[in-house]
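Accompanying notes for the structure given below.
Number of protein chains: 2
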Amino acid sequence: MEEVKLFRTWSSPYALRIVWALKLKGVEYETVYEDLSNKSSLLLEYNPVHKKVPVLLHNGTPICESLVILEYIDETWNTTARFLPKDPLARANARFWAKFNDDQVASLVFRAYVSQGAEQEEAVRLALEKLDIVEKQLSGKTFFSGESFGFLDLVFGWIAKYLGIFEKTGGIKLLEEERYPLIFAWIKRFCDISVIKQNWPDQNKLINKFQLMRDYFISAAAGCS
Amino acid sequence: MEEVKLFRTWSSPYALRIVWALKLKGVEYETVYEDLSNKSSLLLEYNPVHKKVPVLLHNGTPICESLVILEYIDETWNTTARFLPKDPLARANARFWAKFNDDQVASLVFRAYVSQGAEQEEAVRLALEKLDIVEKQLSGKTFFSGESFGFLDLVFGWIAKYLGIFEKTGGIKLLEEERYPLIFAWIKRFCDISVIKQNWPDQNKLINKFQLMRDYFISAAAGCS
Numbered sequence: 050m051e052e053v054k055l056f057r058t059w060s061s062p063y064a065l066r067i068v069w070a071l072k073l074k075g076v077e078y079e080t081v082y083e084d085l086s087n088k089s090s091l092l093l094e095y096n097p098v099h100k101k102v103p104v105l106l107h108n109g110t111p112i113c114e115s116l117v118i119l120e121y122i123d124e125t126w127n128t129t130a131r132f133l134p135k136d137p138l139a140r141a142n143a144r145f146w147a148k149f150n151d152d153q154v155a156s157l158v159f160r161a162y163v164s165q166g167a168e169q170e171e172a173v174r175l176a177l178e179k180l181d182i183v184e185k186q187l188s189g190k191t192f193f194s195g196e197s198f199g200f201l202d203l204v205f206g207w208i209a210k211y212l213g214i215f216e217k218t219g220g221i222k223l224l225e226e227e228r229y230p231l232i233f234a235w236i237k238r239f240c241d242i243s244v245i246k247q248n249w250p251d252q253n254k255l256i257n258k259f260q261l262m263r264d265y266f267i268s269a270a271a272g273c274s
Numbered sequence: 050m051e052e053v054k055l056f057r058t059w060s061s062p063y064a065l066r067i068v069w070a071l072k073l074k075g076v077e078y079e080t081v082y083e084d085l086s087n088k089s090s091l092l093l094e095y096n097p098v099h100k101k102v103p104v105l106l107h108n109g110t111p112i113c114e115s116l117v118i119l120e121y122i123d124e125t126w127n128t129t130a131r132f133l134p135k136d137p138l139a140r141a142n143a144r145f146w147a148k149f150n151d152d153q154v155a156s157l158v159f160r161a162y163v164s165q166g167a168e169q170e171e172a173v174r175l176a177l178e179k180l181d182i183v184e185k186q187l188s189g190k191t192f193f194s195g196e197s198f199g200f201l202d203l204v205f206g207w208i209a210k211y212l213g214i215f216e217k218t219g220g221i222k223l224l225e226e227e228r229y230p231l232i233f234a235w236i237k238r239f240c241d242i243s244v245i246k247q248n249w250p251d252q253n254k255l256i257n258k259f260q261l262m263r264d265y266f267i268s269a270a271a272g273c274s
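As they're listed, the protein sequences go chains V and D.
When we follow our numbering, the leftmost residue of the first sequence carries the number 50, and every step to the right adds one.
When we follow our numbering, the leftmost residue of the second sequence carries the number 50, and every step to the right adds one.
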C-alpha cells in the first residue's frame, strides 16, 4: 500500500499545482494543511532547505519544489496521459516556459501586488511586459501545452484565479481582455476542466487572506523605508 | 547531417556546463562566441526572452537556459551514459539541488562578489550558509551525483574554478578547506576528469575579465547610492 501525503496550505497556488496533478493522475493521497506562521516539525524536517509548501511525501521520502514535484508525479504515475510530451524539444520548451513563469511572471506580478505608488506603477509595467510574452505563447494553441491540456497549463494555472485576487486586493489592473484575448479564452477553457473547477480554494477566503498578506507586506516595507 | 551550434561567451560558467555536456556525449558542434556588450542579431533572435548565453541551436531550433539545455542534451544524445539517473526519486533530487545551486548558491556568491563593506560581509555570511548545505550534500559520496560523475557535477562544476576567481578579484574568502573538506576533495576529483581539465577558460584572462566586471558593478552601485 502506497503512502502519499501532500503538505500544503489551503491558499498556496504552488500547492494547487500538485493537487491538480495528483487528481488528474487519480492518485489517492492524504492532505496535511500547514499554517506557515506556525510550521509543523514535519514540514521543517521534510523541507529543511526552504521550509516551504508544497512537499509531497511518497512512501516516507519527501520531494520539494512544485516544478520538481510535477515532473516526479508525471514520471512515477505514468500509466495515464503524461503531462510532459515525449519529444525532447517539446520537453525543453515546456521546462523553459515553466521557469519563465516562476522566475519572471509570478515574481513580477507579486512585486506589483505588494508595492505602492511609483514602485507599484513600474512593477505593473514590467509585469504586463511579461504577460505580453505569455499571451504570445497561446497564439494558435488551445492550451499552453498545445492541442491538449498538459504540464504548462498546470504551471500557468494560477493566472486563472490568483491574478483576479491580486487585482481585487492590490488595487491593480493586470488582465484587460482587449490586451489579452488569448489568455482570457484560455482561462475559460482551463476553468471548464472538472479537476480544475472542483479544487479552487474559496474565493472570499482567498480575498480575505491576500488582503491581510498585502497589508502585512505594505506595513513591513513602510517600517524599512 | 546534424547541425549543432553553441552560442556562448568564452568566460560564462553557465555556457561551460554545455561545453562539458556536449563533449562528454561526443557531440560534434560549432561554437559561436558572443560579446554580451554587443550581442549578435542571431543571439537576440534565438533567445528573445532573456537575450543570454548559452543557447544551443539544434537543426535550426534554439534551446535556452542551461539546465533546460542539459536535460535536452541528455534526452537527445542518450546512447552513452546518462547524466540524470533513471529512478524518478533520484531525478527529482537532482533537479531540486540544481535549482538550489542556481537560485541560491550562485546568486548569493555573486552578491557577495559584487558588493562592499557591511553589505558584502552579510552576503558572504549568507553564501557560506548555502555552501554549508552544499558540503553536506557530498557526505558519503564521491561525486554530487553519487558514485559516479553526472548531472549535478556539471551543475556545481563552476565552484571548482569560479569561486577561486571571485576570491582573487573580489577580496572575499569563501572556500576554507577546514570548513569544506568534502568540496575540496570533490574539486580535485572533478578537475581530474579530462573533459573538465581540458575546457577551462584561461585563468589569467578570467581574472582580468572578472576584475573588470566587479569594478563595473561597484561603480554602478556607487552611482545609485
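Ideal placement from N, C-alpha and C gives every residue a C-beta, glycine not left out.
Computed from a prediction, not measured in an experiment: that's the story for all the values here.
Item                                                                                                                                                             : Value
Mind pulling the chain D residues with CB within less than 8 Å of R140/V?                                                                                        : E120, Y121, E124
For V98/V, count neighbouring Cβ atoms within 10 angstroms of its own Cβ and tell me buried if that reaches 16, exposed if not.                                  : exposed
Mark A161/V as exposed unless 16 or more other C-beta atoms lie within 10 angstroms of its C-beta, in which case mark it buried.                                 : buried
Going by the beta-carbon positions, is the gap between F192/D and D202/D smaller than 9 Å?                                                                       : yes
Buried or exposed: D123/D, going by 16 or more other Cβ atoms within 10 Å of its Cβ?                                                                             : buried
Relative to the C-alpha of R57/V, which residue among V76/V, L92/V, V204/V is closest?                                                                           : L92/V
Would you call the region 132-145 of chain V in contact with the region 110-122 of chain D, where contact means no fewer than 3 C-beta pairs closer than 8 Å?    : yes
Please determine, among G219/V, N257/V, G199/V, C240/V, the residue with the shortest C-alpha to C-alpha distance to L133/V.                                     : G199/V
Along chain V, which residues have their Cβ under 8 Å away from the Cβ of I67/D?                                                                                 : Result: empty, since nearest Cβ-Cβ is about 13 Å, beyond 8 Å.
Check the Cβ-Cβ distances between E114/V and every residue of chain D, and say whether any is below 9 Å.                                                         : yes
Who are the near neighbours of L116/V in its chain, counting only those whose CB is closer than 6 Å to its CB and skipping five residues on each side?           : A147
My assumption, with CB atoms under 8 Å, is that W69/D sits in contact with G206/D. Please give the rounded CB distance.                                          : 7 Å
For W59/V, would you say it is in contact with chain D, using Cβ-to-Cβ distances shorter than 9 Å as the test?                                                   : no
Could you tell me which chain C residues have their CB closer than 7 Å to the CB of P137/V, listed as they occur along the chain?                                : Protein chains in the displayed structure are V and D, and chain C is not among them.
Take I112/D as the anchor and find which of I232/D, R131/D, I67/D, T128/D has the nearest alpha-carbon.                                                          : I67/D
Quick check for students: name the residue ranges of the beta strand (DSSP E) that lie wholly in the region 85-134 of chain D, counting only runs of 3 or more.  : 104-107, 110-113
Rounded to the nearest angstrom, what separates P62/D and S164/D at their Cα positions?                                                                          : 20 Å
Please list, in chain order, the residues of the region 154-178 of chain D that have any C-beta partner in chain V closer than 8 Å.                              : none
Using a C-beta cutoff of 9 Å, does F132/V count as contacting chain D?                                                                                           : no
On the three-state DSSP scale, how would you describe E77/D?                                                                                                     : coil
What does the Cβ neighbour count give for E196/V, buried or exposed, with the cut at 16 atoms within 10 Å?                                                       : exposed
Taking contact to mean at least 3 C-beta pairs separated by less than 8 Å, is the region 171-185 of chain V in contact with the region 220-234 of chain V?       : yes
Go through the region 129-193 of chain V residue by residue and report every complete run of the alpha helix (DSSP H) that reaches 4 residues or more, in order. : 137-149, 155-162, 166-186
When you compare only the Cα positions, how much space is there between F239/D and I208/D?                                                                       : 10 Å
Counting along the chain, where does the alpha helix (DSSP H) carrying R57/V start and finish?                                                                   : Per DSSP, R57/V belongs to no alpha helix (DSSP H); it is in the beta strand (DSSP E), 53-57.
Below 9 Å between beta carbons: does that hold for F149/V and K190/V?                                                                                            : no
Following the continuous alpha helix (DSSP H) through F200/D, name the residue where it begins and the one where it ends.                                        : 200-205
Spell out whether any CB of chain D is found under 9 Å from the CB atom of V98/V.                                                                                : yes
I need the boundaries of the alpha helix (DSSP H) containing S243/D, first residue and last residue.                                                             : 243-246
Do the CB positions of L106/V and E170/V come within less than 9 Å of each other?                                                                                : no
Looking at K210/V: is its Cβ nearer than 9 Å to the Cβ of L157/V?                                                                                                : no
List, in order along the chain, the chain V residues whose C-beta lies closer than 8 Å to that of V117/D?                                                        : A141, R144, F145, K148
According to DSSP, is S274/V part of a helix, a strand, or is it coil?                                                                                           : Any reading at S274/V must be qualified, since the residue scores a pLDDT of 48, below 50, and its modelled position is unreliable; the value itself is stated next. The answer is coil: DSSP assigns S274/V none of H, G, I, E or B.
Applying the criterion that 16 or more other CB atoms from any shown protein chain within 10 Å of the CB defines a buried residue, is A270/D buried or exposed?  : exposed
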